[in-house]
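Beneath this line is the structure, given in structure tokens, with notes to follow.
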Amino acid sequence: MKTQTDYNKDYRKKAGIISKSFTLNKALCDDFKAACDAAGVGQAATISAFMKDFIAKHPVK
């Protein structure tokens, strides 16, 4: 029988979702989390939006 973790892994694979790890300043991360909470937005969604905007402004030639 599949566990919920197995179903989550299958979904992430099908949806093309990967996990990324960054080493960042703790104060920056804490401030970012607080700002996202205050704005009522998710951290991953905010980072994804930034990445899409950055890619659009700096296309690979």
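In the working numbering, the protein residues as written are 91 to 151.
The C-beta atom is built at its ideal place from N, Cα and C for all residues, glycine as well.
**Q.** Cβ distance (whole Å) where cysteine 126 is taken to contact threonine 113 below 8 Å
**A.** Cysteine 126 to threonine 113, Cβ: 19 Å. No contact.
(Q) Looking at the secondary structure, which residues open and close the alpha helix (DSSP H) in which asparagine 115 lies? (A) Element bounds for asparagine 115: n/a, residue is neither H nor E.
Q. What is the DSSP secondary structure of threonine 93, reduced to helix, strand or coil?
A. coil
Q) Expressed to the nearest angstrom, what Euclidean distance is found between the alpha-carbon atoms of lysine 103 and lysine 110? A) 14 Å
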